[in-house]
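Chains S and H are the protein sequences, given in the same order.
Residues 1 to 342 in this note's numbering are what the first sequence spells out, letter by letter.
Residues 1001 to 1342 in this note's numbering are what the second sequence spells out, letter by letter.
Backbone N, C-alpha and C define an ideal beta-carbon position, used for all residues, glycine too.
Working notes for the structure below.
2 protein chains.
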Amino acid sequence: MFIEEIVNSYISNTVETYPKMHTSEELYKIYQDTFSTDHFNFEPKGLYEPVKHIMSIPGKRIRPMLCLMSCEMFGGNIKDALYASFAMEVFHNFTLVHDDIMDKADIRRGHPTVHKVFGTNAGILAGDAMLSYAYKYLCMTPASTLSDVLDVFNKTSIEIYEGQQLDVDFETRLDVSEEEYIKMIEYKTSVLLACSLKVGAIIGGASKEDQERIYNFGLYLGLSFQIKDDLLDTFGEQAKVGKRIGGDILNNKKTFLLINALKKSSTEDKEHLLHLMDEKNEDKKIAEVKEIFNLYHIESYTQERIEKYYQDSIKYLDAISADETSKSVVRQLAEKIHGRDY
Amino acid sequence: MFIEEIVNSYISNTVETYPKMHTSEELYKIYQDTFSTDHFNFEPKGLYEPVKHIMSIPGKRIRPMLCLMSCEMFGGNIKDALYASFAMEVFHNFTLVHDDIMDKADIRRGHPTVHKVFGTNAGILAGDAMLSYAYKYLCMTPASTLSDVLDVFNKTSIEIYEGQQLDVDFETRLDVSEEEYIKMIEYKTSVLLACSLKVGAIIGGASKEDQERIYNFGLYLGLSFQIKDDLLDTFGEQAKVGKRIGGDILNNKKTFLLINALKKSSTEDKEHLLHLMDEKNEDKKIAEVKEIFNLYHIESYTQERIEKYYQDSIKYLDAISADETSKSVVRQLAEKIHGRDY
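What follows is the structure, encoded as structure tokens:
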């Protein structure tokens, strides 16, 4: 099989000659060099062209990076984690393909979505294939760690569907609690970051305790990340965020901000908020919703929660029994993610 | 987790007390007793109600039966194969849910399809979850055999998507060769039967050679089965088949019969066949297509091919290094499948 040849030649020619620890830039290059060239170049084309389409959209490859970094943090050799890291990315992209169908989304990271180019049926089937390929690549993990790796991945994938369903359920509810919201974003987003880190840790030889610590680090970092996403969509700077500020407000999205505003506001202001959901004047809608957010200090409360989850994640990272040099690549990434204003 | 408790209590209370070899009726009862009660009774309901809907439609459970029979044929204990057999059924049902969405089918085995009851998005997500659950249950296979079991399952699931895509590709082609058609039904249908048998064999302790033999037995039996399906749809007896004869003809389905008729017929008759695809009078359409089939002896040729594939499958069963008593349950099932006129 084509991709196996690439990986094997890459592993034998390149990775072995690298030093034990890599910078995030080096890891990105290794990952891209290994997996970016012409993978999924299989027959029948009708099945694999949609897969190639989504997989070739450039991205930060955050999940594979976390997997590889975690493996190295615990002294593992990334050649053992390369396939698993690719599995995380393939799985993530599978969820994007099916989510875009369900959301009827036309654009993904500036490119037309798979179903928009190839049709809904092709998108469904390509997504299915990607899920099986994710398992196939995950199964190339060294045999001694395979069972543990599969356990966390099985659990994670199922939680992601449950999170997606919760998100759907919330669309028609006005009484979503912060706790429910956190569980939804935990399942929909954080668990895959946590899983990617844990898979790397398992392959890298981490103790059971450290596997749980790195998992929880990823989980809380993910929560902090996702809530910041909500914050930036309403209170970010357009030039930095790179998209129109207020998109979530216009879409009546049940963000961390909105569910807290609905909870904290007076009967009158809540009424007004609900009324604004039908407001057609977009600038007016954004301005008046933000006015209510400001009235109830939603921005600062949200910032507090982001900070709290971030600090929780760092506590788990601190507790890991590896030296600070080994943790540095992961720690720098966490700081970069936390510090972003885009 | 609920289902694990059921299986474990069942395994400890019932299976252990059974004799080593079971009849197909006993295996069916064990499987049904273990898995038919209220599985997938999880939250959120929006995700799992569609799963319960498809899984509770009664069926012959042919794939799990093959898995359990094969395990016993090689001297294995079915308690080791029960989860894997369930995984085969969950996977099969996942493909039905997504296929029905792609085919816009309203009815499946006399029941409304999942997307018809719960909507397309629920059907997509439920199917995704079922695929992950299939892996989850498969991973409960005893550790010593897990890697081999996953290898054949990964390969099989990917072939099934490829087969589905070939089927889609053939819809718009008039020059599908018999060889191409056989590859399509092999991938779309036969490989999962073969995989179910091989998984049971691996768990049951079969040699590598016997694993391949039982796989090929299933592969050829599946081809013979699928071509017979095509034959019965056009030349079966309505009272026995239980549905209107000629459905494939009315739907212009590229069956084994039609692709052979297109290949063998004169320019004039081929023209007529293609013309009949637009015929609105249903009785006329069926009668005239069958007339052309008869002119080119399509029925007897198809019967020959069914018999050939069946004999090939039996050769593989004969070659397996187990005694005849151990093979008897599988052999009887094969004979029953081959002899059917419904």
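Residue-chain proximity (residue i, chain S), Cβ-Cβ < 8 Å
| i | result |
| --- | --- |
| residue 1098 of chain H | yes |
| residue 1139 of chain H | yes |
| residue 1041 of chain H | no |
| residue 1154 of chain H | yes |
Chain-ordered neighbours of residue i on chain H, where CB pairs are closer than 8 Å
| i | result |
| --- | --- |
| residue 133 of chain S | 1158 |
| residue 165 of chain S | 1044, 1046, 1047 and 1125 |
| residue 183 of chain S | Chain H residues near residue 183 of chain S: none, gap ~10 Å exceeds 8 Å. |
| residue 147 of chain S | 1139, 1143 and 1146 |
Proximal residues of chain H, C-beta to C-beta of residue i below 9 Å
| i | result |
| --- | --- |
| residue 161 of chain S | 1047, 1125, 1126, 1128, 1129 and 1132 |
Any C-beta of chain H under 8 Å from that of residue i
| i | result |
| --- | --- |
| residue 58 of chain S | no |
| residue 67 of chain S | no |
| residue 101 of chain S | yes |
| residue 195 of chain S | no |
| residue 44 of chain S | yes |
| residue 2 of chain S | Residue confidence for residue 2 of chain S is low, a pLDDT of 48 falling below 50, so the modelled location carries little weight and cannot support an answer. |
| residue 331 of chain S | no |
| residue 136 of chain S | yes |
| residue 82 of chain S | no |
| residue 251 of chain S | no |
| residue 150 of chain S | yes |
| residue 121 of chain S | yes |
Residue closest to residue i, alpha-carbon to alpha-carbon, out of the options
| i | options | result |
| --- | --- | --- |
| residue 327 of chain S | S:41, S:42 and S:317 | S:317 |
| residue 153 of chain S | S:66, S:199, S:289 and S:315 | S:199 |
| residue 70 of chain S | S:280, S:134, S:194 and S:222 | S:194 |
| residue 342 of chain S | S:332, S:230, S:283 and S:329 | S:230 |
| residue 85 of chain S | S:192, S:319 and S:259 | S:192 |
| residue 1159 of chain H | S:171, S:172 and S:125 | S:125 |
| residue 261 of chain S | S:288, S:240 and S:35 | S:288 |
| residue 1162 of chain H | H:1021, H:1228, H:1095 and H:1027 | H:1095 |
| residue 1201 of chain H | H:1214, H:1189 and H:1190 | H:1214 |
| residue 110 of chain S | S:294, S:141, S:57 and S:208 | S:57 |
| residue 1310 of chain H | H:1284, H:1227 and H:1101 | H:1227 |
| residue 319 of chain S | S:255, S:102, S:217 and S:127 | S:217 |
| residue 294 of chain S | S:22, S:331 and S:234 | S:234 |
| residue 64 of chain S | S:39, S:254 and S:35 | S:35 |
| residue 321 of chain S | S:207, S:41, S:278 and S:299 | S:207 |
| residue 1225 of chain H | H:1248, H:1179, H:1300 and H:1313 | H:1313 |
| residue 1146 of chain H | H:1081, H:1336 and H:1280 | H:1081 |
| residue 46 of chain S | H:1038, H:1101, H:1338 and H:1164 | H:1164 |
| residue 1157 of chain H | H:1190, H:1182 and H:1028 | H:1190 |
| residue 281 of chain S | S:251, S:127 and S:30 | S:251 |
Residue i - DSSP class collapsed to helix/strand/coil
| i | result |
| --- | --- |
| residue 58 of chain S | coil |
| residue 1305 of chain H | helix |
| residue 213 of chain S | helix |
| residue 358 of chain S | Beyond the ends of chain S as shown, which are 1 and 342, falls residue 358 of chain S; an answer cannot be given. |
| residue 1108 of chain H | strand |
| residue 1067 of chain H | helix |
| residue 120 of chain S | helix |
| residue 172 of chain S | coil |
| residue 1195 of chain H | helix |
| residue 151 of chain S | helix |
| residue 1206 of chain H | coil |
| residue 1000 of chain H | Residue 1000 of chain H cannot be examined here, being either before or after the span of chain H that is shown, 1001 to 1342. |
| residue 1297 of chain H | coil |
Neighbour list for residue i in chain S, Cβ cutoff strictly below 8 Å
| i | result |
| --- | --- |
| residue 1169 of chain H | 44 and 46 |
| residue 1254 of chain H | The contacting residues do not exist; residue 1254 of chain H stays about 15 Å from chain S at best. |
| residue 1216 of chain H | None at all; the shortest Cβ gap to chain S is about 22 Å. |
CB-CB length for residue i against residue j, believed under 8 Å
| i | j | result |
| --- | --- | --- |
| residue 1050 of chain H | residue 1114 of chain H | 5 Å |
| residue 1334 of chain H | residue 1219 of chain H | Incorrect: roughly 12 Å between the Cβ atoms, too far for contact. |
| residue 203 of chain S | residue 149 of chain S | 7 Å |
| residue 265 of chain S | residue 273 of chain S | 6 Å |
| residue 257 of chain S | residue 302 of chain S | 6 Å |
| residue 1083 of chain H | residue 1137 of chain H | 5 Å |
| residue 1024 of chain H | residue 1329 of chain H | 6 Å |
Interface residues of chain S facing residue i [CB-CB closer than 9 Å]
| i | result |
| --- | --- |
| residue 1077 of chain H | In chain order: nothing, as chain S lies at least about 20 Å away. |
Neighbour flag for residue i against chain B, beta carbons, 8 Å
| i | result |
| --- | --- |
| residue 315 of chain S | No chain B appears in the structure shown, which is made up of the protein chains S and H. |
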